[in-house]
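Here is the structure we will look at.
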Amino acid sequence: MIPSLEQLAERFSRLVVTNAVPSRSPLPVTTGSAPPVAVATPAAAAAGQTAAPTAPPCPVQTVDYPLKGYHLDVSISPRQVVLAAEILDQNGFALDTITGVDWIAQNEMEVVYDYFHPLSVLRVVIRTRIRRDNPEIPTISPVFPGANWHERETHDFFGIRFSGHPDLTPLLLPEDADYHPLRKDFTA
Amino acid sequence: MIAPTDIPSRTNPQETFVLNLGPQHPAAHGVLRIKMTMDGEYVTRAEPIPGYIHRMHEKMGENRTWTQFLPNTGRIDYLSALHYNHAFVGAVERAARIEVPPRAEYIRVITSELNRISSHLVWWSAYLLDLGGFTPLLYAFADREKILDLLEAITGSRLTYCYFRFGGLCNDIDDAFIQGTRAFVAQMRPRLKMYRDLVTDNIILRKRLEGIGPISAELCRKYGATGPVLRGAGIAYDVRKVEPYSVYSQLDFHIPVFPEGDSMARYRVRMAEMEQSLRIIEQALDKLPAGPVMGKVPRVLRLPAGDYCYAVEAARGRHMVRVVSDNKDIPYRVKLRTPSFSNLSLYEEASKGMMLPDALALLGSLDLVIPDIDR
Chain A
273 MIPSLEQLAE
283 RFSRLVVTNA
293 VPSRSPLPVT
303 TGSAPPVAVA
313 TPAAAAAGQT
323 AAPTAPPCPV
333 QTVDYPLKGY
343 HLDVSISPRQ
353 VVLAAEILDQ
363 NGFALDTITG
373 VDWIAQNEME
383 VVYDYFHPLS
393 VLRVVIRTRI
403 RRDNPEIPTI
413 SPVFPGANWH
423 ERETHDFFGI
433 RFSGHPDLTP
443 LLLPEDADYH
453 PLRKDFTA
Chain B
721 MIAPTDIPSR
731 TNPQETFVLN
741 LGPQHPAAHG
751 VLRIKMTMDG
761 EYVTRAEPIP
771 GYIHRMHEKM
781 GENRTWTQFL
791 PNTGRIDYLS
801 ALHYNHAFVG
811 AVERAARIEV
821 PPRAEYIRVI
831 TSELNRISSH
841 LVWWSAYLLD
851 LGGFTPLLYA
861 FADREKILDL
871 LEAITGSRLT
881 YCYFRFGGLC
891 NDIDDAFIQG
901 TRAFVAQMRP
911 RLKMYRDLVT
921 DNIILRKRLE
931 GIGPISAELC
941 RKYGATGPVL
951 RGAGIAYDVR
961 KVEPYSVYSQ
971 LDFHIPVFPE
981 GDSMARYRVR
991 MAEMEQSLRI
1001 IEQALDKLPA
1011 GPVMGKVPRV
1021 LRLPAGDYCY
1031 AVEAARGRHM
1041 VRVVSDNKDI
1051 PYRVKLRTPS
1061 FSNLSLYEEA
1071 SKGMMLPDAL
1081 ALLGSLDLVI
1091 PDIDR
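In the order they appear, the protein sequences are chains A and B.
Residue numbering for the first sequence follows my numbering, beginning at 273 and increasing consecutively.
Residue numbering for the second sequence follows my numbering, beginning at 721 and increasing consecutively.
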């Protein structure tokens, strides 16, 4: 049950093609018969093409591990995160962590899911962007129960609501906390 | 003792009661609170409530320079501070493409492994204290004291080290450290054998731990549990082997794995790991190259925009730092993925139906450091 990097890249590029939701998505998803995936070579990664903090140049990228610390970088639409989690679950991955990044200048929140494989050398990053003024994204805790706490923590820090989550009460912040300290406009 | 399997059916909600374990409780090893719903002596639900020592290190990362955040990393898991140093300097070196001299990498490995042994010794003594054995603590702390003295001489601190720098180390090691470390390795081997004979093979300990708190490899995967918890479930996952960093790929050591998945397996993993750490230290001392301990680093550090991850095998499992840079001299985002957080998250599921003393044996076998969970 150990997938190769190429198989996974191929699987995710199919996901991006079949379920693409271009509206409001920052991803440059192209539709049509030709697969829109340009798998970056390590040389291209070395040239700095993968480093953009804003919209990445293509949705599925293989990445040179020594430069970034992961092998596969997948940008998907928010409604696909559960499907992506299911694909990785079926391939034997474990959830590393979930976190957010507040891109206040673009009025967007990025949600980043890190996965590792317990039996092989494969690190996968799934990322998606949601609106900053109403951040909401489906929970993946039915697929990975470990996501429960990671999502609660992300809700604490960023105010991102994970719809379908069983219990979004503060985990690390005080129980009456109504602030989200990792938002860039938070002032203590 | 394993609870009878019909526990949920005979649970009558009117006969259960809530037991608050902590946040001030010796078995929680820090300010962890566990809300336990008890049916007599049996745990029907144990809900960990962390957050009592939350310090928001990740926000602190966003309002100081890359260099200024470095001392924070030694204060997250205070028992394995050097591993946390390593993950953060590794992420920054990866982003800024800073070359680290080989001598510095070898010294990083030597000190990290010393730190791993001292961390495991604290776990071992505290765990046996939980189980009712007081004496091992006195032995383990005598050994640990030698490590703390060695590390204090070169790092300047006894616990919350800030020894690694972007591009190398703040201090070279001297002959006294090398001789002291060799002497420690020679002393520690017979001590570990003594611990095995007196404690690990002790029938009372084995009756307390064997078959208690089984955690399967699948449960670990679903919750992202790593370190001795995962290796005690039969999976040979160690970041030093699967995502080799520093010079671990040039050293000969193996990953202790025990397939039983019970508290005893996790115990044995850590005891065997200390022997492997001694092997690593010995080899690294033999191979230690001459040369500088600091590479070329720009005076003002600005990382190229993008995100960068760096994972290390800390004493409690996989610790990953994810930094996001927007090409300024302060980080845009620092995410700390800590092993105790994921390891504790499976406790609620793993402890269902256990007797209270066994649930505490399970809790201790996870080797939690509470500031590592709360950050």
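Quick reminder that beta carbons are idealized off the backbone N, C-alpha and C, glycines included.
- Listed in chain order, the positions of the stretch 437 to 455 of chain A with a beta carbon within less than 8 Å of a beta carbon of chain B are 442, 443, 444, 445, 446, 453, 454.
- Using a Cβ-Cβ cut-off of 9 Å, residue 275/A does not count as an interface residue toward chain B, since no Cβ of chain B sits closer than that to its own.
- Scanning 868/B, 884/B, 888/B, 920/B for the CA closest to the CA of residue 900/B turns up 868/B.
- Distances from the alpha-carbon of residue 416/A to those of 942/B, 972/B, 885/B, 954/B put 942/B closest.
- Short of 7 Å from the beta carbon of residue 820/B, and not among the five residues preceding or following it, lie these beta carbons of its own chain, in chain order: 813, 887, 888, 1015.
- Closest by C-alpha distance to residue 1023/B, out of 907/B, 810/B, 777/B, is 810/B.
- Listed along chain B, the residues sitting closer than 7 Å to residue 342/A by beta-carbon distance are 1029.
- In the three-state DSSP reduction, residue 755/B falls in the strand class (E or B).
- In the pairwise beta carbon analysis, the stretch 442 to 456 of chain A is classified as not touching the stretch 736 to 744 of chain B: fewer than three pairs are separated by under 8 Å.
- Proximity to residue 357/A across 418/A, 441/A, 442/A, 445/A peaks at 418/A, based on C-alpha coordinates.
- Across the structure, residue 451/A and residue 1091/B are spaced so that their CA atoms are roughly 21 Å apart.
- Taking 9 Å as the threshold, the shortest C-beta distance from residue 929/B to chain A does not fall below it.
- Residues of the same chain with a CB within less than 6 Å of the CB of residue 856/B, apart from the 5 flanking positions on each side, are 845, 848, 919 in chain order.
- Beta-bridge partners assigned by DSSP to residue 1031/B: 1040/B.
- Assignment of residue 791/B by DSSP, reduced to helix, strand and coil, places it in the helix class.
- DSSP lists 388/A as the beta-bridge partner residues of residue 366/A.
- Inter-residue distance for residue 954/B and residue 978/B is about 5 Å (C-alpha atoms, whole angstroms).
- Sequence-ordered contacts of the stretch 933 to 955 of chain B with chain A read 941, 942, 943, 944, 950, 955 [C-beta pairs closer than 7 Å].
- Around the beta carbon of residue 408/A, a 10 Å sphere encloses fewer than 16 other beta carbons of the protein chains shown; the residue is thus reported as exposed.
- Taking C-alpha positions only, residue 959/B is separated from residue 896/B by approximately 31 Å.
- At a Cβ-Cβ threshold of 9 Å, residue 443/A and residue 398/A do not count as neighbours.
- Assignment of beta-bridge partners to residue 1075/B by DSSP yields 762/B.
- Within the stretch 757 to 771 of chain B, contact with chain A at the beta-carbon level (separation under 8 Å) is assigned to 770, 771.
- Counting of Cβ neighbours within 10 angstroms places residue 817/B among the exposed residues, the total staying below 16.
- Short of 8 Å from the beta carbon of residue 789/B, and not among the five residues preceding or following it, lie these beta carbons of its own chain, in chain order: 780, 781, 808, 1051, 1054.
- Under the Cβ criterion (8 Å, minimum of three pairs), the stretch 1034 to 1046 of chain B counts as touching the stretch 1057 to 1074 of chain B.
- Collapsing the DSSP output to three states places residue 335/A in coil.
- At a Cβ-Cβ threshold of 9 Å, residue 757/B and residue 748/B do not count as neighbours.
- Contact between the stretch 335 to 344 of chain A and the stretch 384 to 404 of chain A is established, with three or more Cβ pairs separated by less than 8 Å.
- Taken in chain order, the stretch 852 to 882 of chain B contains no complete beta strand (DSSP E) segment of 3 residues or longer.
- Rounded to the nearest whole angstrom, the C-alpha separation of residue 963/B and residue 1007/B is 22 Å.
- Among the residues of the stretch 777 to 809 of chain B, those with a Cβ less than 8 Å away from any Cβ of chain A are 778, 779, 782, in the order of the chain.
- If one requires a minimum length of 4 residues, the alpha helix (DSSP H) runs lying completely within the stretch 916 to 954 of chain B are 923 to 929, 937 to 943, 948 to 951, in chain order.
- Here residue 1004/B is near residue 971/B, since their CB atoms are less than 9 Å apart.
- Excluding residues up to 5 positions away in sequence, 990, 994 lie with their Cβ nearer than 6 Å to the Cβ of residue 840/B in the same chain.
- Using a CB distance cut-off of 9 Å, residue 988/B does not count as an interface residue toward chain A.
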